[in-house]
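Chemist:
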Amino acid sequence: MSRVHVDRIDTSKRLAKLRELMKAHDVQALVCPSEDQHASEYPARADERRAFISGFNGSAGCVVVTSADAYMFTDGRYFLQAEKQLDHNWTLMKQGLPDVPTWQDFLWKNLASSTRVGVDPTLISASDAATLAASLKNKSSELVSLPSNLVDEVWGVDRPARPRNEIIHLDTRFSGESHAEKLLHVREEMEKLGGTALVVTMLDEVAWLLNLRGSDIDYNPVFFAYAVVPQSGSAHLFVDKAQLTTAVLAHLGAYVDVHPYDAFFEYLRTLAARTTAEDGKILIGDRSSLAVAETIGQETYISTRSPIADLKAVKNATEREGFRQCHIRDGAALCRYFAWLERQLVHNVQLTECEAADQLEKYRSELDLFRGLSFDTISSTGPNGAIIHYSPTPDDCAIIKREQIYLCDSGGQYLDGTTDVTRTWHFGTPTTIEKQAFTRVLQGHIALDTTIFPEGTSGYQLDVFARRPLWEVGLDYRHGTGHGIGAFLNVHEGPHGIGTRIAYNAVALKPGMTVSNEPGYYEDGKYGIRIENVLLVREVATPYKFGDKKYLGFEHVTMCPIHKGMIDVSLLSPREKEWVDAYHAEIWRKVSPLLSGDQETLDWLRRETEPLNLT
Numbered sequence: 001m002s003r004v005h006v007d008r009i010d011t012s013k014r015l016a017k018l019r020e021l022m023k024a025h026d027v028q029a030l031v032c033p034s035e036d037q038h039a040s041e042y043p044a045r046a047d048e049r050r051a052f053i054s055g056f057n058g059s060a061g062c063v064v065v066t067s068a069d070a071y072m073f074t075d076g077r078y079f080l081q082a083e084k085q086l087d088h089n090w091t092l093m094k095q096g097l098p099d100v101p102t103w104q105d106f107l108w109k110n111l112a113s114s115t116r117v118g119v120d121p122t123l124i125s126a127s128d129a130a131t132l133a134a135s136l137k138n139k140s141s142e143l144v145s146l147p148s149n150l151v152d153e154v155w156g157v158d159r160p161a162r163p164r165n166e167i168i169h170l171d172t173r174f175s176g177e178s179h180a181e182k183l184l185h186v187r188e189e190m191e192k193l194g195g196t197a198l199v200v201t202m203l204d205e206v207a208w209l210l211n212l213r214g215s216d217i218d219y220n221p222v223f224f225a226y227a228v229v230p231q232s233g234s235a236h237l238f239v240d241k242a243q244l245t246t247a248v249l250a251h252l253g254a255y256v257d258v259h260p261y262d263a264f265f266e267y268l269r270t271l272a273a274r275t276t277a278e279d280g281k282i283l284i285g286d287r288s289s290l291a292v293a294e295t296i297g298q299e300t301y302i303s304t305r306s307p308i309a310d311l312k313a314v315k316n317a318t319e320r321e322g323f324r325q326c327h328i329r330d331g332a333a334l335c336r337y338f339a340w341l342e343r344q345l346v347h348n349v350q351l352t353e354c355e356a357a358d359q360l361e362k363y364r365s366e367l368d369l370f371r372g373l374s375f376d377t378i379s380s381t382g383p384n385g386a387i388i389h390y391s392p393t394p395d396d397c398a399i400i401k402r403e404q405i406y407l408c409d410s411g412g413q414y415l416d417g418t419t420d421v422t423r424t425w426h427f428g429t430p431t432t433i434e435k436q437a438f439t440r441v442l443q444g445h446i447a448l449d450t451t452i453f454p455e456g457t458s459g460y461q462l463d464v465f466a467r468r469p470l471w472e473v474g475l476d477y478r479h480g481t482g483h484g485i486g487a488f489l490n491v492h493e494g495p496h497g498i499g500t501r502i503a504y505n506a507v508a509l510k511p512g513m514t515v516s517n518e519p520g521y522y523e524d525g526k527y528g529i530r531i532e533n534v535l536l537v538r539e540v541a542t543p544y545k546f547g548d549k550k551y552l553g554f555e556h557v558t559m560c561p562i563h564k565g566m567i568d569v570s571l572l573s574p575r576e577k578e579w580v581d582a583y584h585a586e587i588w589r590k591v592s593p594l595l596s597g598d599q600e601t602l603d604w605l606r607r608e609t610e611p612l613n614l615t
């Protein structure tokens, strides 16, 4: 997650040069998405084209540039940030609000007929491209695959080089399964789908499949690579060979043939040419690029949700235990941090949001198996907390104030798991309205944590549990309620999630999946509130089994106190009070042994985990 720069960048010259290139390629509109050619949510700096051309560096958005106008499409998480960062050249399109189209709908609804819309085919999915091309055809317009990326040409020599960092092997004591076993499971799924080969383009899928990790993208332990898994024989890895140590090559062994990264598309052409109808189809993930689809040819491939995505989402026993253990250690670092921060503020020590975030990273860095942060820490005081994905920069951040709400969303990467936790604190005296809003967020958090549901239920169906306490008083939040979390992989992973996106209804929650629970409330210009734990989906015992179905629930693994000073206890039901007390007792039991040498933090933790009726 990129740090937020508040100063606007004048994009006039960049847009003028881009429009010259558009004219030279005879396109009247250009689409520039956020993702790289692997559909990464958080790209490397070399692939931050949308941020370069627009000045807006939030993690979600898509640019549409025409000969006269420039549009930035983003969702509710980034409205405030985009308003601060976009200059006068840009029109902000607030997706999700009434009468605001998606960028795809905008192209065919708002642009003139006979418009040629240019796109880098490596940066748009084949499925999106097919839908868009069909809609444009209705207006006598067309989607044009450009031979080069025009934004890269504008960027020129100032564009950073792509990282090529060393790749490591993740031992099976952390992964729980060898890459040979994973290849076997993938081939079983391929056979069900009628696939003769599977093309793997997502970086976290390549890393998971081969038990490898890297650091080519900040906070995401992945590396730039493609893979192809045929139904038999060796799998094929396309990567810069200089990134592979002797130990990694020995780990891959006879199961994987290694090829240069740049040989991938030529290999696809060869593979497609020798694939016959009798062999079956080549499988490509539904997020694979238009360039991949065009290289293989429409008659030769099947686009489907990647079987690796589904396998990766369900954590095995080793990974589940890793999540439990890394969250206990992570909880100790968080307790040290919040206790320390409280002491500094009580003694009137001035701290910036960045200085505080750096201290939290220091505490995490002292933990066993730590390998870095899982995203840029969101350390935000007062109004900055209302910017949902705000992250401070050293040259432009606020002083943390005791009389303001402080929101901290942070996480760590450990060899045995990935953490993501948000806590909202007030080190002074919160107002009645602030406490009521916090308590309703907490009630939604508890409602989701304790819900029991039949197998086959999706996160789309469960989202209302987290929002209902807020809806009852006319409040809400503009982001999803939960996302999957990788096992020492990307902090955001699918295909499942909890939220109002209809795509979440396509994937049922299954035992072993990880998902966050993070309802919130944001008062623009004043404060932000969010409470986030990581959950494991598990089977639960119920007295009855209607329809002879299994019933599922959640196990929370995040171990950090929820600030009791922000709770309006009068709003809580007896069951909700019991949940808070039981959760805090669990934290004391699991985390306090790790703090045995730190009496100040232990005293703080004892106070923060006392039952509600004692406070």
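Quick note on the UniProt record's numbering: the sequence shown kicks off at 1 and runs consecutively.
Quick reminder that beta carbons are idealized off the backbone N, C-alpha and C, glycines included.
All values reported here derive from a predicted model rather than from experimental measurement.
#1: According to DSSP, what are the bridge partners of W425?
#2: My output table needs one value for M22: the three-state DSSP class, helix, strand or coil.
#3: Spatial neighbours of R19 within its chain, please: C-beta separation below 8 Å, excluding the five flanking residues on both sides.
#4: Counting only runs of 4+ residues fully inside the region 308 to 350, write out the alpha helix (DSSP H) ranges in chain order.
#5: For T300, I'd like the list of residues in its chain whose CB is within less than 7 Å of its CB, leaving aside the five on either flank, ordered along the chain.
#6: Apply the 10 Å Cβ neighbour rule to L462 and answer buried if 16 or more other Cβ atoms are within range, or exposed otherwise.
#7: On the DSSP letters alone, give me the boundaries of the alpha helix (DSSP H) that F238 sits inside.
#8: Evaluate S40 with the Cβ neighbour count: other Cβ atoms within 10 Å of its Cβ, from every protein chain shown; 16 or more gives buried, anything less gives exposed.
#9: Tell me the rounded alpha-carbon separation between K94 and V100.
#10: Buried or exposed: which applies to R538, given that a residue is buried once 16 or more other Cβ atoms fall within 10 Å of its Cβ?
#11: Name the one or two DSSP bridge partners that Y521 has.
#12: If we call anything under 8 Å between Cβ atoms a contact, is G565 one with P430?
#13: Could you check what DSSP says for I53 in three-state terms: helix, strand or coil?
#14: Measure the alpha-carbon distance for K241 versus V540 and round it to whole angstroms.
#15: Less than 8 Å between C-beta atoms, sequence neighbours within five positions excluded: which residues of the same chain meet that for T432?
#16: Using DSSP's beta-bridge definition, name the partner residues of C32.
#17: So, V441 versus I387, is the Cβ gap smaller than 8 Å?
#18: With a threshold of 8 Å, are at least 3 pairs of Cβ atoms found where one atom belongs to the region 147 to 163 and the other to the region 180 to 195?
#19: According to the Cβ coordinates, are L571 and T439 closer than 8 Å?
#20: In this structure, what does DSSP give as the bridge partners for Y551?
#21: Take the Cβ of H445 as the centre, count every other Cβ of all protein chains shown within 10 Å, and call the residue buried at 16 or more, exposed below.
#22: Kindly list the residues whose CB is nearer than 8 Å to the CB of T457, restricted to its own chain and excluding five residues on each side of it in sequence; keep chain order.
#23: Does W471 pass the burial test, meaning 16 or more other C-beta atoms within 10 Å, or should it be called exposed?
#24: Round the Cβ separation of F465 and A437 to the nearest angstrom and send it over; I've been treating them as touching at under 8 Å.
#25: Classify V349 as buried or exposed, calling it buried when 16 or more other Cβ atoms lie within 10 Å of its own Cβ.
#26: Could you check if M1 is buried or exposed, using at least 16 other CB atoms within 10 Å of its CB as the buried criterion?
#27: Which whole-angstrom value describes the C-beta separation of D368 and R329, a residue pair presumed to lie in contact below a C-beta threshold of 8 Å?
#28: Pull up the distance between the alpha-carbon of R607 and that of Q81, whole angstroms please.
#29: Along the chain, where does the alpha helix (DSSP H) that runs through F106 open and close?
#30: From which residue to which residue does the beta strand (DSSP E) around A70 run?
#31: State buried or exposed for V473, treating a residue as buried only when at least 16 other CB atoms are found within 10 Å of its CB.
#32: For my contact list, S289 and P511 are in at a C-beta cut-off of 8 Å; report their separation, rounded to the angstrom.
#33: Distance check for S34 and S54, CA to CA, integer angstroms please.
#34: Extract the residue ranges of the alpha helix (DSSP H) inside the region 139 to 169, only unbroken runs of 4 or more that lie entirely within it.
#35: Could you tell me how far apart the beta carbons of V314 and M513 are, in whole angstroms, since I believe they sit closer than 8 Å?
#36: Would you call the region 590 to 600 and the region 317 to 334 in contact, with 3 or more CB pairs under 8 Å?
Modeler: Walking through what the data contain:
#1: Y406
#2: helix
#3: V65, S67
#4: 317 to 346
#5: A272, T275, K281, I282
#6: buried
#7: Note, F238: premise wrong, no alpha helix (DSSP H); beta strand (DSSP E) at 235 to 239.
#8: buried
#9: 6 Å
#10: exposed
#11: I529
#12: yes
#13: helix
#14: 47 Å
#15: D568
#16: V63
#17: no
#18: no
#19: yes
#20: P454, V540
#21: buried
#22: A508, L509, L552
#23: exposed
#24: Their Cβ separation, rounded to whole angstroms, is 18 Å, which puts F465 and A437 out of contact at 8 Å.
#25: exposed
#26: Model confidence at M1 stands at a pLDDT of 40, short of 50, so the residue's coordinates are unreliable and nothing is read from them.
#27: 6 Å
#28: 37 Å
#29: 103 to 110
#30: 70 to 74
#31: exposed
#32: Incorrect: roughly 33 Å between the Cβ atoms, too far for contact.
#33: 11 Å
#34: 150 to 155
#35: 6 Å
#36: yes
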